[in-house]
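*Asks:* Pasting a structure here, questions to come.
Numbering (this note's numbering), first residue to last: 933 to 1068.
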């Protein structure tokens, strides 16, 4: 009789608790992977935008080389501005271009392309690429 009282009852529900804990740990791991994937996508989009900005600046610099002058006509500047600001035609989101002559030089200019990705927060600073061209 004494033995029957001392015998423990089998534990019930331990496997269920272990399964719930492992599900929670697995969920945190998945959330971490999703966060890493989102950051990787943002880095990829940023690299693509920088590449496009460099190509656009190179296009402007090539036009200056062909013209033999670091100043562009207003029509050419407007054309480049339209090209830079049109993301559907290989431009940049919210893109602008500025060409500023270098002080003390008649054959050098800075080409600055600025853009702000549509996915970035309003507090994020705009991205900028500056290229200096010096004609012989």
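C-beta: ideal position from N, C-alpha, C; glycine also.
Apart from the five residues on each side of it in sequence, which residues of its chain come closer than 6 angstroms, Cβ to Cβ, to residue 1060?
*Replies:* Result list for residue 1060: 1046, in chain order.
*Asks:* How many Å lie between residue 1013 and residue 1028 at the Cα?
*Replies:* Cα-Cα distance, rounded: 6 angstroms.
*Asks:* Do residue 1041 and residue 1031 come within 8 angstroms of each other at the CB atom, strictly closer than that value?
*Replies:* For residue 1031 and residue 1041, yes; Cβs fall inside 8 angstroms.
*Asks:* Determine the burial state of residue 984: buried for a count of at least 16 other Cβ atoms within 10 Å of its Cβ, exposed for fewer.
*Replies:* Looking at its Cβ environment, which holds 16 or more other Cβ atoms inside 10 Å, residue 984 is buried.
*Asks:* Going by Cα to Cα distance, which pick from 981, 1034 and 1003 is closest to residue 1018?
*Replies:* When each option's Cα is compared against that of residue 1018, the closest is 981.
*Asks:* Could you check where the beta strand (DSSP E) with residue 1022 kicks off and where it finishes?
*Replies:* Segment: none, residue 1022 is in no beta strand (DSSP E) and carries neither H nor E.
*Asks:* Kindly indicate which three-state DSSP category residue 1034 falls into: helix, strand or coil?
*Replies:* Coil.
*Asks:* Can you tell me whether residue 1002 is helix, strand or coil according to DSSP?
*Replies:* Correct three-state label for residue 1002: coil.
*Asks:* So for residue 1049, helix, strand or coil by DSSP?
*Replies:* It is coil, neither helix nor strand.
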